[in-house]
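**Q**
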Amino acid sequence: MNKKPLHIHWFRQDLRLSDNPALAKCAVNGDVLPIFILDDCNAGSQEPGAVSRVWLHHSLLALNKSLNGALRVFKGNPIEIIPKLISETGANGVYWNRCYEPWQIERDRIIKLTLRDKNIECESFNGSLLWEPWDILKKDGTPYKVFTPFYRRGCLSAKEPRIPISPPDDITLSNKKIGMNDINDLELLPNLRWDQEVFEGWDIGEKAANLKVIDFIENRLHDYKDGRNFPSKKNVSRLSPHLHFGEVSPNQVWYTASHPKYMNSTGLDHFLSELGWREFSHSLLYFFPNLPTESLQTRFETFPWIEDLDLLVRWKEGNTGFPIVDAGMRELWRTGYMHNRVRMIVGSFLVKNLRLHWNNGLDWFWDCLVDADLANNSAGWQWIAGCGADAAPYFRIFNPVLQGEKFDKDGIYTKQFVPELKDLPNKYLHCPWTAPEAVLKAANVCLGKSYPHPIVDLKQSREAALKAFSDMKASN
DNA sequence: CCTGGAGTTGTCCTA
DNA sequence: TTAGGACAACTCCAG
C-alpha cells in the first residue's frame with residue numbers, strides 16, 4: 005500500500021489559503037491536516053479579549069468553509085497537543101507561520117525543540133511580516149529605535165518582500181476524524197450575545213478581506229494622505245483586523261497597492277509607510293518584549309500618574325464631556341473600532357489631561373478592539389504617552405476642542421456617536437460648555453443631565469502634565 | 001570616537 | 001488674521 009505522507013498545517017494568525025508559505029509547503033509534501041488550537045494556556049494576561057475572540061470565531065468559520073469543512077479544532081496547550089497529534093495520526097511533520105508575541109515565540113520554541121528531538125519535521129515560515137525583525141538592523145547589528153531610518157534605510161533598502169504566492173491548487177485534505185470540527189465547540193462567542201451590533205459592520209474572512217483591499221485601493225487610496233485624518237471620511241483602509249488574523253498578508257496588500265495599474269503616487273507612499281509602522285511595532289515588540297507593560301524610556305518609572313477609577317470609567321464609557329473624545333470611545337464600544345486620528349485624541353486625553361497610566365488605555369483597547377494586536381497596541385500607546393523609543397514629544401498635547409474643530413468641523417462623526425448633541429450648532433459642538441443657555445436649550449442639551457460637564461479643565465490639566473514631565477526630568 | 005543632522009500625526013503666544 | 005517661533009533638550013543614526 006502506497007500511502008501518501010501526511011503533514012499538519014497549524015493555523016494561527018494566518019487564517020487564509022492564499023500567500024500562505026507554510027500551507028504551500030505542507031501541500032506539496034502530501035496530504036494536509038489543517039488544525040487550529042485555541043491556546044488559553046500560555047498567554048497569561050495577554051490572552052485575546054472578548055471582541056477579538058468573536059472575530060476569531062467568524063474567521064475560523066470562513067476558513068473552515070474554504071477548506072470544505074476539513075479544519076480540525078482543539079482547545080488546550082499546543083505543547084502537549086501537537087506531539088500527541090503527531091503520534092496519533094502518524095503525521096510526518098508540522099508547519100506553521102510565525103507569530104511574534106513573546107509568549108508565542110517561547111511556546112513555539114519549546115514545541116520545535118521537542119519535535120526535532122524526536123526527528124519530526126517541523127518548520128516555521130514568515131507569513132505575517134514584510135521583513136523579519138532580525139533582518140532589519142542597523143549597521144552595528146542592533147535594532148532601530150526611530151521609525152524613519154528603520155523604514156527608509158532599513159526596510160526599503162533591504163531585500164524586497166516576498167511576492168505573494170497562489171493558494172495551493174492541488175491540496176489534498178486529510179479526512180482524519182480527530183479533535184473537534186465544530187467551531188462552536190471552542191466557545192469563542194459570549195454567553196450574553198452583546199456582539200450582534202458590533203459585528204454588523206464587518207465582513208470577516210479571507211474573501212471579504214481581499215475584496216476590501218481592492219475596494220480601498222481603487223476607491224479610497226487616492227485621497228489617503230489628507231483624507232485619512234478625517235474620521236467621517238472613508239479614506240482609511242480598515243484592514244487592521246484582517247491583517248491581525250492573517251486573512252490577508254501584508255505582502256498581498258503591499259503588492260496590490262503598488263501595482264502600476266493603480267498609479268496612486270500620492271496616497272501610495274503614505275499608505276505603504278503605514279504598513280511600515282506595522283513592521284516597526286513588531287520589531288519593537290520582538291526586541292523589547294516588555295513593550296506591552298513597561299515604558300521604554302525608563303525615566304518614566306518615576307512619572308506621577310494619577311489613579312482615579314471614576315475618571316477612567318468616564319473615559320471608557322465616553323462620558324468625559326469632550327464630544328470628540330466621547331464619540332471615539334463610543335465608536336470603540338459600539339463597533340470594535342476607532343478611527344486612527346481619534347485614537348490619538350482619546351489617547352492623549354487619557355495620558356496627558358487625565359494623566360492616567362497608559363496601561364489603562366492599552367488594556368481597554370485590548371478588550372474592545374477588533375484589531376487588538378499586541379505589537380501595534382503597545383507601540384501606539386507608548387508613542388502617544390511619549391515614553392516610547394520614537395515617541396511624540398511630551399509637550400505635544402492634543403486639544404480635543406481644536407482637534408474636533410479641525411478634523412470634524414461639520415460634526416458628522418461626533419454627532420453619529422454622540423446623538424444627544426445632534427441639534428447643537430457646529431460652532432459649539434466641540435465645546436458645549438461655552439454655548440449660551442438659550443442655544444443649549446434650543447438644542448435640547450442640558451449639561452450635567454443629557455450630556456456631562458467636562459471632567460477636567462483643559463488648560464490646567466495640560467499645564468499640570470507639562471509640570472509633571474519637567475519634574476520627572478529634573479529628578480532623573 | 002566625534003560630529004552633525006534629524007525626529008508621524010500639536011498648541012500657544014506674539015508680532 | 002496669520003505666520004513663525006518656542007516648547008526641551010535628547011537620543012538616534014550614519015558618516
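Residue 5 in the numbering used here sits at position 1 of the first sequence, with consecutive numbering throughout.
Ideal Cβ positions, reconstructed from N, Cα and C, are used throughout, including at glycine.
Please read all numbers here as calculations on a predicted model, not as lab measurements.
Starting from the C-beta of Thr-146, find all residues in its chain whose C-beta is less than 6 Å away, skip the five residues before and the five after it, and write them out in chain order.
**A** Walking along the first sequence from the start, residue 146 turns up at place 142. Excluding positions up to five away in sequence, the list is empty.
**Q** Using the C-alpha atoms, what's the distance from Asp-207 back to Trp-100?
**A** For the purposes of this step, residue 100 is taken as residue 96 along the first sequence, with counting starting at 1. For the purposes of this step, residue 207 is taken as residue 203 along the first sequence, with counting starting at 1. Near 25 Å, if we compare the C-alpha coordinates of Asp-207 and Trp-100.
**Q** With a cut-off of 8 Å, do at least 3 Cβ pairs link the segment 74–94 to the segment 405–424?
**A** no
**Q** Reducing DSSP to helix, strand and coil, say where Asp-112 ends up.
**A** Here residue 112 is taken as the residue at index 108 of the first sequence, counted from 1. Note: Asp-112 maps to helix in three-state DSSP.
**Q** Could you check what DSSP says for Cys-45 in three-state terms: helix, strand or coil?
**A** Locating residue 45 in the first sequence gives position 41, where the first residue counts as 1. If DSSP states are grouped into helix, strand and coil, Cys-45 belongs with coil.
**Q** Is Ile-90 helix, strand or coil by DSSP?
**A** Taking the first residue of the first sequence as position 1, residue 90 is located at position 86. Helix, per DSSP.
**Q** Check whether the Cβ atoms of Gln-386 and Leu-295 lie closer than 8 Å to each other.
**A** The count along the first sequence starts at 1 and reaches residue 386 at position 382. The count along the first sequence starts at 1 and reaches residue 295 at position 291. Yes, they are a contact pair.
**Q** Identify, in the order they occur along the chain, each residue of the same chain with its Cβ nearer than 6 Å to the Cβ of Ser-241, setting aside the five sequence neighbours on each side.
**A** What you label residue 241 is simply residue 237 of the first sequence in a count that begins at 1. Taken in chain order, the residues that qualify are Phe-220.
**Q** Indicate, with yes or no, if the ligand MG has a heavy atom lying under 7 Å from the CB of Glu-278.
**A** For the structure depicted, the ligand MG is absent and the ligand set is empty, with no information on it obtainable.
**Q** Within its chain, find whatever has a CB closer than 8 Å to the CB of Leu-279; leave out the 5 residues flanking it on each side and keep chain order.
**A** On the first sequence, position 275 is the one that residue 279 refers to. Only Leu-134, Pro-254, Val-257, Trp-258 meet the Cβ criterion.
**Q** DSSP puts Tyr-290 in a beta bridge; with which residues?
**A** In the first sequence, residue 290 corresponds to position 286, counting from 1. Bridge partners of Tyr-290: none, in fact.
**Q** Do the segment 46–62 and the segment 21–33 touch if we need at least three Cβ pairs shorter than 8 Å?
**A** no
**Q** List, from N- to C-terminal side, the alpha helix (DSSP H) runs of 4 residues or more that fit wholly inside the segment 306–334.
**A** 313–321
**Q** Under 6 Å Cβ to Cβ from Glu-424, same chain only, skipping five residues before and after it: list those, please.
**A** Against the first sequence, residue 424 aligns to sequence position 420. So the qualifying residues of the chain are Ser-454, Tyr-455.
**Q** Excluding five sequence neighbours on each side, which residues of the same chain lie with their C-beta closer than 7 Å to the C-beta of Trp-370?
**A** As a first step, residue 370 must be located in the first sequence, where it is residue number 366. Closer than 7 Å at Cβ, skipping near neighbours: Gly-53, Ala-376, Asn-381.
**Q** Mapping the DSSP letters down to three states, classify Pro-423 as helix, strand or coil.
**A** For the purposes of this step, residue 423 is taken as the residue at position 419 of the first sequence. DSSP, reduced to helix, strand and coil, places Pro-423 within a helical segment of the structure shown.
**Q** Indicate whether Leu-75 and Asn-81 have their beta-carbon atoms separated by less than 8 Å.
**A** Sequence index remark: in the first sequence, residue 75 carries index 71 (1-based). Sequence index remark: in the first sequence, residue 81 carries index 77 (1-based). No, the Cβ-Cβ distance between Leu-75 and Asn-81 is not below 8 Å.
**Q** Might you give, ordered along the chain, the residues of its own chain that have their beta carbon closer than 7 Å to the beta carbon of Ser-479, omitting 5 neighbours on each side?
**A** Here residue 479 refers to the residue found at position 475 when the first sequence is read from its first residue. Answer for Ser-479: Thr-306, listed in chain order.
**Q** Starting from Trp-100, follow its DSSP beta bridges and name the residues at the other end.
**A** For the purposes of this step, residue 100 is taken as the residue at position 96 of the first sequence. Per DSSP, Ser-128.
**Q** Buried or exposed, going by whether 16 or more other CB atoms sit within 10 Å of the CB of Glu-204?
**A** In the first sequence, the residue the question calls residue 204 occupies position 200. Glu-204 is exposed by the Cβ-count criterion.
**Q** How is Met-5 classed by DSSP in three states: helix, strand or coil?
**A** The residue you call residue 5 lines up with position 1 of the first sequence. The pLDDT assigned to Met-5 is 45, lower than 50, so where the model puts this residue is not dependable; a value taken from the coordinates is nonetheless given after this. It is coil, neither helix nor strand.
**Q** With Val-77 as the anchor, note down where its beta strand (DSSP E) starts and where it stops.
**A** The sequence position of residue 77 within the first sequence is 73, counting from 1. That run of the beta strand (DSSP E) goes 76–79.
**Q** Can you tell which of Glu-105, Gln-108, Asn-123, Tyr-155 has its C-alpha closest to the C-alpha of Val-98?
**A** If you number the first sequence from 1, residue 98 lands on position 94. Answer by Cα proximity: Asn-123.
**Q** In whole angstroms, what separates the C-alpha of Trp-251 from that of Ala-439?
**A** Walking along the first sequence from the start, residue 251 turns up at place 247. Walking along the first sequence from the start, residue 439 turns up at place 435. Going by the sequence as given, residue 251 is Glu instead of Trp. Near 47 Å, if we compare the C-alpha coordinates of Ala-439 and Glu-251.
**Q** Starting from Leu-27 and walking both ways along the beta strand (DSSP E), at which residues does that stretch end?
**A** Your numbering for residue 27 matches position 23 in the first sequence. Counting along the chain, Leu-27 falls outside any beta strand (DSSP E), though it belongs to the alpha helix (DSSP H) covering 25–32.
**Q** What does the alpha-carbon distance come out to for the pair Tyr-228 and Phe-473?
**A** For the purposes of this step, residue 228 is identified with residue 224 of the first sequence, where counting begins at 1. For the purposes of this step, residue 473 is identified with residue 469 of the first sequence, where counting begins at 1. Distance between the alpha carbons of Tyr-228 and Phe-473: 34 Å.
**Q** Let me make sure I understand the geometry here. Which of Lys-29, Lys-477, Leu-247, Asn-233 has the alpha-carbon closest to that of Ser-211?
**A** If you number the first sequence from 1, residue 211 lands on position 207. Residue 211 is actually Lys in this sequence, not Ser. Closest by alpha carbon: Leu-247.
**Q** How long is the line joining the alpha carbons of Val-374 and Glu-298, rounded to whole angstroms?
**A** In the first sequence, counting from the first residue as 1, residue 374 sits at position 370. In the first sequence, counting from the first residue as 1, residue 298 sits at position 294. The alpha-carbon of Val-374 is positioned some 24 Å away from that of Glu-298.
**Q** Among the residues of its own chain, which have a CB less than 8 Å from the CB of Met-5, if the five just before and after it don't count?
**A** On the first sequence, residue 5 is found 1 positions in, with the first residue counted as 1. With a pLDDT of only 45 at Met-5, under the threshold of 50, the placement of this residue in the model should not be trusted; the figure read from the coordinates follows. Nothing meets the Cβ criterion.
**Q** Have a look at Gly-332, Arg-359, His-274, Phe-284 and flag the residue whose alpha-carbon is nearest the alpha-carbon of Asp-312.
**A** Indexing the first sequence from 1 puts residue 312 at position 308. Measuring from the Cα of Asp-312, the nearest candidate turns out to be Arg-359.
**Q** In three-state terms, what does DSSP make of His-434?
**A** The sequence position of residue 434 within the first sequence is 430, counting from 1. Coil.
**Q** Evaluate Gln-17 with the Cβ neighbour count: other Cβ atoms within 10 Å of its Cβ, from every protein chain shown; 16 or more gives buried, anything less gives exposed.
**A** The residue given as residue 17 occupies position 13 in the first sequence. Buried, because 16 or more other Cβ atoms sit within 10 Å of the Cβ of Gln-17.
**Q** Can you give the beta carbon distance from Leu-215 to Gly-271, rounded, assuming they're within the 8 Å contact cut?
**A** Here residue 215 corresponds to residue number 211 of the first sequence, with the count starting at 1. Here residue 271 corresponds to residue number 267 of the first sequence, with the count starting at 1. With a Cβ gap of about 19 Å, Leu-215 and Gly-271 do not count as contacting.
**Q** Measuring CB atoms only, is the segment 384–400 touching the segment 348–365, in the sense that at least three cross pairs come out at less than 8 Å?
**A** Between the segment 384–400 and the segment 348–365 there are three or more C-beta pairs closer than 8 Å, enough to call the two in contact.
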